[in-house]
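Protein chains: 2
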Amino acid sequence: MTSCKPDGIETPEVMIDLGILQRNIDRMAAVVKGKGMNLRPHVKTHKIPQIAALQLAAGAVGLTVATIGEAEIFVDHGATDVFIAYPLWVTPHHARRLIQLSATARVAVGTDSVEATRAMGKALSDARDKIEILVEIDSGHHRSGVSPSAAVEVARSAADAGLRVTGVFTFPGHSYAPGMPVKAADQEQEALAEAARLVGAAGFEVSRISGGSTPTASLTHASAATEVRPGVYVFGDAQQLELGRCALDDIALTIAATVVSRHVGDAHAPRRLVLDAGSKVMGSDRPAWATGFGRLIDHPEARITTLSEHHATVSWPDGTQLPALGERLRVIPNHVCLTMNLVDEVTVLRDGVVVDRWRVAARGKNK
Amino acid sequence: MTSCKPDGIETPEVMIDLGILQRNIDRMAAVVKGKGMNLRPHVKTHKIPQIAALQLAAGAVGLTVATIGEAEIFVDHGATDVFIAYPLWVTPHHARRLIQLSATARVAVGTDSVEATRAMGKALSDARDKIEILVEIDSGHHRSGVSPSAAVEVARSAADAGLRVTGVFTFPGHSYAPGMPVKAADQEQEALAEAARLVGAAGFEVSRISGGSTPTASLTHASAATEVRPGVYVFGDAQQLELGRCALDDIALTIAATVVSRHVGDAHAPRRLVLDAGSKVMGSDRPAWATGFGRLIDHPEARITTLSEHHATVSWPDGTQLPALGERLRVIPNHVCLTMNLVDEVTVLRDGVVVDRWRVAARGKNK
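Which chain is which? The protein sequence lines are A and B, in order. Residues in the first sequence are numbered consecutively from 1, following full-length UniProt numbering. Residues in the second sequence are numbered consecutively from 1, following full-length UniProt numbering.
Printed below as a string of structure tokens:
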């Protein structure tokens, strides 16, 4: 990432490097296209219509979202094909919004139970054919989703409820751990292929077979999936960095922070800095394997050892120089999606110069 | 908490029980008044002017905030005495905003270094006397703050920079762990008393001696502190519950969530539920001693074992009944302040009936 500590930015501030962002978007588009699959990026990562527009311009066939509210924002901004990759429990309120969306966009939603398909069919009433249904498969993450063999029953219940099943999907979230991407990608593809085979054999036309994820997208093959849904790849983050799924040069989003407290250490208290970028802007995800709560892009030797809302406490190895009070540092959050749940606007830079501000239009659209 | 699963609430939704909120506010006000101290609640916990008004009506002398932006919101809504309990690195932009605030409110800010006092004195220029300065003391949390003996140097540098030192403060954050509240409260009072004594002996009038925190406020005595700054007590949360600092009946804030995925368990995947309240609305703080990522208020036997943005995965003990798909459950987040960093509005209930919606006016005011 080019150095960018522009004057006039008050901290903490989320900064996006447009050149790196575009490169990440183009690279994933080329990889997925080269494999003969469709790219349907998960836009919960950024929640910004301008970035979705760049992804669509680079060849994405549509967008993935997590909520109806996110779908509404992106369709309002011109998206014409959205997949709500979530096992929605559809209320009458949801149904009205889904039908409204379907007036201008192709809309698909997930499901993983007989009960949910019945509720959905009832709520959608005579608009059942307007929404596509993808059955969620558990490929080893053990969150939502059913086994490939149980997918047939869910698909049949959807059909019985008058719904239109067009495929299956999975999220291999267990790929987010060291040594796991290859194994998780194998399990993902095996589960998708098996589910598609069984649901197809039950008489359904399985035209969409949809896989995750930033760690696994480049490991997925067209023999198992028609599309992939990576999200984090646009920005990168400290998790992807420590998993080896991106390099420091690929990090497009950092948080400008100021050193507000500095301690050289003594018998009573450790050597440390405190930055004004806490969990209020970074989120507090810290998987057990992570080396801290985030990284500093210009100081790979430092670690954010504790995190509170307004304070990131940073340790430096003995013998290194501690940055000065008031200095601006650039933080890489562990999980960049959480940052975008927290901030209303971001600063956009090109070659270290502020060129724009973008509103995080879908932030807080949690329903 | 009275049962409140009103129809018409779409999930996930933050719900505040007004009766319990008022009781929590009144109880802390009485405890602190009974000890002869002032109460200056930290309003970053709720970020809602209507709740600050209840706290002030119950006798709070002023408000504590973490950022200038939070101060601006609460002063706009009528607060006349705010303490930014944070070691601000004051830029010219900050200085203009602090001076603006001081036109209608008494304003104090924290500092913990010679360098920061110099920067602040320079930025405030001829408005230096409009802002009070409290020196931050490290009472064992080892985040920001200096030792009591180093406080004198910081106070002197502030005076040399033309600033007006009126006291000392500390935050005993190490009280947020099992068995620690009493020890941390002792260290807090010892450090505050020592710092006040030394700074006073150096010729400063130490009129404000300010301590934390929800776990320690009721353990603090007027011999060591003139005021306390608890925040979380208004709502309670799963951390305070597991620390024994509040009871289930004291929990004023819960998150209504829907069961979207349900699995009875088999050889391949564990028994579990998935709720639509993930880290997007709960935050993902999980101290090592916590039993999970949050609790369910009506199901003390259940545990949120994993948490992603849109999914809370909940385990129930074997032999218990799993709630049904589509059922509404009420979640207690681990750290309630993080929830208020994420949501724009909350639903207010009295005796289970929706009576209001409040805007989280200071959400996102991170600077």
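By construction, the Cβ of each residue, glycine as well, lies at the ideal position given by its N, Cα and C atoms.
8 Å Cβ cutoff, residue i in contact with chain A
i: B/K280; result: yes
i: B/K183; result: no
i: B/K47; result: no
i: B/G212; result: no
i: B/D298; result: no
i: B/A256; result: no
i: B/C337; result: yes
i: B/K44; result: yes
i: B/E10; result: yes
i: B/K367; result: yes
i: B/D237; result: no
i: B/T313; result: yes
i: B/H310; result: yes
i: B/H174; result: no
Cβ of residue i within 8 Å of any chain B Cβ
i: A/R143; result: yes
i: A/V260; result: yes
i: A/L88; result: yes
i: A/S157; result: no
i: A/A288; result: no
i: A/P92; result: no
i: A/D186; result: no
i: A/G231; result: no
i: A/D138; result: yes
i: A/D285; result: yes
i: A/S147; result: yes
i: A/S113; result: yes
i: A/G344; result: Residue 344 of chain A is actually Asp in this sequence, not Gly. Closer than 8 Å: yes.
Cβ-based neighbour list, residue i, same chain, cut-off 6 Å, excluding 5 preceding and 5 following
i: B/A161; result: T117, R118 and G121
i: A/Q55; result: I25 and P41
i: B/A362; result: K47, E70 and I73
i: A/V31; result: S218
i: B/V260; result: V274 and D276
i: A/S279; result: L307 and E309
Assigned exposure category for residue i - 16 Cβ within 10 Å defines buried
i: B/R197; result: exposed
i: A/T320; result: exposed
i: B/A288; result: exposed
i: A/V360; result: buried
i: A/E205; result: exposed
i: B/E136; result: buried
i: A/V355; result: exposed
i: B/K44; result: buried
i: B/R357; result: exposed
i: A/H221; result: exposed
i: A/V152; result: buried
i: B/E188; result: buried
i: B/P12; result: buried
i: B/E309; result: buried
i: B/G8; result: exposed
Neighbourhood of residue i by C-beta, 8 Å cutoff - its chain only, sequence neighbours within 5 removed
i: A/R208; result: A108, E132, L134, T166, G167, V168, F169, T226 and E227
i: B/K33; result: L39 and G59
i: A/N366; result: T67 and G69
i: A/G36; result: A222
i: A/L101; result: I68, A71, E72, V75, V82 and V107
i: A/R303; result: T291, G292, R295, V314 and S315
Residues near residue i in its chain [Cβ-Cβ closer than 7 Å; skip 5 each side]
i: B/R286; result: F293 and N334
i: A/D250; result: I20, N24 and G236
i: A/R143; result: G173
i: B/V154; result: T111, D112, S113, V114, T117, V135 and V146
i: A/Q50; result: W358
i: A/V182; result: L219
i: A/P148; result: I137, A191, E194, A195 and L198
heavy atom of the ligand COA below 7 Å from residue i C-beta
i: B/G179; result: Although the ligand COA was asked about, the structure shown includes no ligands whatsoever.
At 3 residues or longer, what runs of the beta strand (DSSP E) sit wholly inside the segment 30–89 of chain A? Within the segment 30–89 of chain A, the complete beta strand (DSSP E) runs of at least 3 residues are 63–65 and 81–87.
Cβ pair count under 8 Å reaching 3, the segment 257–274 of chain B against the segment 227–247 of chain B: no
At a cut of 8 Å, does the segment 148–161 of chain B reach the segment 66–78 of chain B through at least three beta carbon pairs? no
Scan the UniProt domain "D-serine dehydratase-like" (252–350) of chain B and note each continuous beta strand (DSSP E) run of 3 residues or more that stays entirely inside, going in chain order. As far as the UniProt domain "D-serine dehydratase-like" (252–350) of chain B is concerned, its whole beta strand (DSSP E) runs of at least 3 residues are 253–263, 272–275, 294–296, 303–307, 312–315, 328–333 and 345–350.
Complete runs of the beta strand (DSSP E) confined to the segment 86–127 of chain A [at least 3 residues]: 106–111
Where in the segment 170–245 of chain B do unbroken runs of the alpha helix (DSSP H), each at least 4 residues long, occur, reported from the N-terminal end onward? Complete alpha helix (DSSP H) runs here, min 4: 181–201 and 238–242.
Check whether the segment 309–316 of chain B and the segment 268–283 of chain B touch, using three or more Cβ-Cβ pairs below 8 Å as the test. yes
What runs of the alpha helix (DSSP H), each 4 residues or longer, lie entirely inside the segment 143–167 of chain A? 148–160
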